[in-house]
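Add 23 to a position in the sequence shown, counting from 1, and you land on the number used in the numbering used here.
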Amino acid sequence: MIPDRAQNQLSDWLEQLRWYLWGCREGGLRDWQPYAAKPVEKTQSSDSASAMEKLSRIGVELHECTRCGLHRGRANLVFGEGSAQSGLVFVGEGPGADEDRLGRPFVGRAGKLLDKMIFAIGLDRSRVYICNVVKCRPPENRTPQADETATCAPFLFRQLEALAPKVICALGLSAAQALLGTTEPISRLRGKVLSWRGIPLVCTYHPAYLLRSPQQKAAAWQDLKEVIRLL
Ligand code: SF4
């Protein structure tokens with residue numbers, strides 16, 4: 024009998040291996056490396072400092088924010104994290120329980136899967152930027168309501184303007200719809216390169232959805248390949 028903890032660890036490794044092999048298959052097995060993504064960093068250090076300053080100003084404005092009702096249930100506001108110099112930004116929907124507790128984006132089970140997806144394209148969290156449309160956890164992880172998204176999204180837009188990435192990857196329907204100002208379903212938004220204020224935008228499934236629907240991981244990998252191509 025394998026203890027639960029060991030089973031979880033094993034399934035974690037297998038998942039990591041699956042994404043890794045996808046990357047190897049696309050990049051070639053020759054050097055047994057993950058997908059050989061080109062350098063993702065886009066700016067000189069002075070640009071990076073300016074992006075950091077802008078992000079820090081937005082962070083100050085959001086400090087103890089009570090602009091929408093989501094502030095009532097939060098333990099921590101989850102602003103976003105990663106490299107201000109990165110050419111790649113992932114945008115999710117909003118914090119879940121683990122994110123709310125720790126004040127960091129994508130640190131729960133879905134976050135672990137996102138880490139593997141990022142690793143499969145030859146990067147890691149320190150080389151990308153990760154944030155959400157709403158910065159406070161919706162109760163019971165429900166989808167943010169239209170007024171909550173409308174109130175918080177302008178801060179996301181300012182983050183993206185400060186970061187000026189080469190590519191934005193929207194994780195899930197809420198992020199895609201908020202960025203595009205549309206009500207189209209994710210099936211209509213995936214599989215093509217869209218644009219957010221002139222920046223290429225690729226929409227894919229949210230890692231939490233991929234955990235529930237693992238059969239869609241191959242489709243998500245196709246989306247990541249598009250991200251790589253754009254980088
Ligand atoms: S979700 Fe955004 S707008 Fe609403 S309280 Fe939190 S930071 Fe403020």
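Yeah, the Cβ is synthetic: ideal placement off N, Cα and C, and Gly gets one too.
When you measure from the CB of residue i to every non-hydrogen atom of the ligand SF4, does any distance come out below 7 Å?
i, result
"residue 84", "no"
"residue 90", "yes"
"residue 139", "no"
"residue 4", "Lying outside 24 to 254, the shown extent of the chain, residue 4 is not represented and no answer is given."
"residue 184", "no"
"residue 229", "no"
"residue 202", "no"
"residue 151", "no"
"residue 122", "no"
"residue 205", "no"
"residue 225", "no"
"residue 114", "no"
Using 8 Å for Cβ pairs, my map puts residue i next to residue j. What's the rounded Cβ distance?
i, j, result
"residue 123", "residue 99", "6 Å"
"residue 256", "residue 155", "The structure shown has nothing for residue 256, since the chain only spans 24 to 254."
"residue 148", "residue 109", "Not a contact, Cβ separation roughly 10 Å."
"residue 146", "residue 63", "6 Å"
Give me the Cα-Cα distance between residue i and residue j, rounded to the nearest whole angstrom.
i, j, result
"residue 201", "residue 44", "33 Å"
"residue 185", "residue 77", "6 Å"
"residue 144", "residue 251", "7 Å"
"residue 223", "residue 181", "16 Å"
"residue 111", "residue 190", "5 Å"
"residue 40", "residue 90", "43 Å"
"residue 166", "residue 117", "8 Å"
"residue 172", "residue 26", "42 Å"
"residue 199", "residue 33", "33 Å"
"residue 103", "residue 85", "12 Å"
"residue 136", "residue 80", "31 Å"
For residue i, decide whether its Cβ has a neighbour in chain B, counting only Cβ atoms nearer than 8 Å.
i, result
"residue 224", "Among the protein chains of the structure shown there is no chain B, as only one such chain exists."
Under DSSP, the alpha helix (DSSP H) around residue i begins and ends at which residues?
i, result
"residue 177", "169-186"
"residue 250", "240-253"
"residue 237", "Taken as a continuous stretch (DSSP letters only), residue 237 belongs to no alpha helix (DSSP H), as it is neither H nor E."
In the DSSP assignment, the beta strand (DSSP E) including residue i goes from what residue to what residue?
i, result
"residue 114", "111-115"
"residue 152", "152-155"
"residue 218", "216-219"
"residue 223", "222-227"
"residue 194", "190-194"
3-residue-minimum beta strand (DSSP E) runs that sit fully inside the segment 74-144, ordered along the chain: 111-115
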